[in-house]
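Enquirer:
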Amino acid sequence: MFARTTGTLGTPLTIALAALVASISVNVFTFLSLSRQQVMCEPTADLDDSHYSYVGSDHPARLPIYLPPVQLAIEDTMLFGLSDTEAWPTWRSTDYFPVANGFVRLGPQGRAFGISMFHQMHCLQMIRGAVLDNQRANSHTRHCFNLMRQAILCAADTTLDPLDKVDDNSNVGADGVGVVHQCKDWEKVYQYVIENQGLEIWNQTSTKAPAPASPMMSMPPM
1 MFARTTGTLG TPLTIALAAL VASISVNVFT FLSLSRQQVM CEPTADLDDS
51 HYSYVGSDHP ARLPIYLPPV QLAIEDTMLF GLSDTEAWPT WRSTDYFPVA
101 NGFVRLGPQG RAFGISMFHQ MHCLQMIRGA VLDNQRANSH TRHCFNLMRQ
151 AILCAADTTL DPLDKVDDNS NVGADGVGVV HQCKDWEKVY QYVIENQGLE
201 IWNQTSTKAP APASPMMSMP PM
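For the sequence shown, position 30 matches number 30 in UniProt numbering, and the numbering has no gaps at all.
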C-alpha cells in the first residue's frame with residue numbers, strides 16, 4: 001500500500017528545492033569519483049624520503065622514484081642467448097654498474113640497499129650459469145628459483161597471450177612474442193642507480209667494482 005500524495009509536493013518551491021538537492025548530489029558524486037580517479041593515477045611511491053632516518057626499519061619500502069607506465073612488446077631477441085660468447089657480456093650488463101651491482105646508498109649516512117629488480121636479474125644469471133655448468137641445485141640456485149617464482153606472483157601480469165602458435169608436432173600454444181605489456185619505466189631505475197653511484201657518499205667509503213663473474217650479489221664494504 002502506498003501513502004496518499006498531497007498536493008503540496010507539486011508546488012514550484014518544492015520542485016525547485018528537489019532539483020537543487022539532486023544537482024548538488026550529482027556534483028558531489030562526480031567530484032568524489034574524479035578525486036578517486038586522480039588518487040589512483042597519482043604516484044604512490046614516497047618520493048620525499050627526507051623524513052626517514054634510514055636507521056633500522058625507518059626507511060621507505062621502495063626506491064623513492066616515480067616510474068611512469070610504459071609499454072613493452074615481447075621480442076624473441078637473440079641478444080640474450082644461453083651459451084654463445086656474446087651472451088656473457090649482454091647478460092652481465094643487466095645488473096652491472098662500474099661502482100657496484102645495482103646497489104644504492106640512501107639517507108644521511110649513505111646506507112646501502114639492493115634493488116629487487118637487479119636482484120632478480122642477478123638470479124637469472126645464476127640460474128643460467130647453473131644450466132650451462134650442469135650443476136646440481138645448490139642453496140644459491142634454489143634461492144634464486146624461489147625468488148623468481150615469488151617475483152612473478154607479485155607482478156601478477158594478466159596480459160593475455162593468444163594461443164596462435166603451432167609447433168612441428170601440431171601442438172597449439174603461445175610464445176607471447178609481439179604481445180604488448182603494460183610496465184613500469186625500468187630505464188629510469190637504471191638512470192637512478194647511475195646517478196646515485198656518482199654521489200660523493202660513494203667516494204667517502206672503500207668501494208671497488210665487483211668482479212664480473214662474482215657468484216654472489218655482494219656489496220662493497222662501507
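Quick reminder that beta carbons are idealized off the backbone N, C-alpha and C, glycines included.
In three-state terms, what does DSSP make of residue 44?
Expert: Model confidence at residue 44 stands at a pLDDT of 49, short of 50, so the residue's coordinates are unreliable and nothing is read from them.
Enquirer: With a floor of 4 residues, list each alpha helix (DSSP H) that falls wholly inside the segment 62–135, ordered by position along the chain.
Expert: 87–92, 116–132
Enquirer: For residue 191, which three-state DSSP category applies?
Expert: helix
Enquirer: Bridge partners of residue 181, per DSSP?
Expert: 72
Enquirer: Taking the alpha-carbon positions, what's the residue 126 to residue 184 distance?
Expert: Straight-line Cα distance between these residues: approximately 24 Å.
Enquirer: Closest by CA to residue 71, which one among 189, 181, 90?
Expert: Cα-wise, what sits closest to residue 71 is 181.
Enquirer: So, residue 100 versus residue 197, is the Cβ gap smaller than 8 Å?
Expert: yes
Enquirer: What is the rounded straight-line gap between the Cα of residue 151 and the Cα of residue 114?
Expert: 15 Å
Enquirer: With a threshold of 16 other CB atoms inside 10 Å of the CB of residue 78, please say whether the residue is buried or exposed.
Expert: exposed
Enquirer: Starting from residue 141, trace the alpha helix (DSSP H) in both directions and tell me its first and last residue.
Expert: Element bounds for residue 141: 139–155.
Enquirer: Going by C-alpha distance, which of 123, 138, 159 is nearest residue 73?
Expert: 159
Enquirer: By alpha-carbon positions, which one of 163, 107, 203 ends up nearest to residue 47?
Expert: 107
Enquirer: Residue 172 bridges to which residues according to DSSP?
Expert: 166
Enquirer: Is residue 76 closer than 8 Å to residue 177 when the C-beta atoms are compared?
Expert: Cβ distance < 8 Å, so residue 177 and residue 76 count as in contact.
Enquirer: Where does residue 39 sit, in a helix, a strand or coil, going by DSSP?
Expert: In this prediction, residue 39 has a pLDDT of 35, which is less than 50 and means its spatial position is unreliable; nothing more can be read from the coordinates.
Enquirer: Quick check on this structure: which residue in 191, 139, 131, 60 has the alpha carbon closest to the alpha carbon of residue 67?
Expert: 191
Enquirer: Alpha carbon to alpha carbon, what distance is there between residue 171 and residue 69?
Expert: Going by the C-alpha atoms only, they are around 35 Å apart.
Enquirer: Going by DSSP in three states, residue 204 sits in which element: helix, strand or coil?
Expert: coil
Enquirer: Give me, in chain order, the residues of the same chain whose beta-carbon lies closer than 7 Å to that of residue 90; leave out the 5 immediate sequence neighbours on both sides.
Expert: 79, 80
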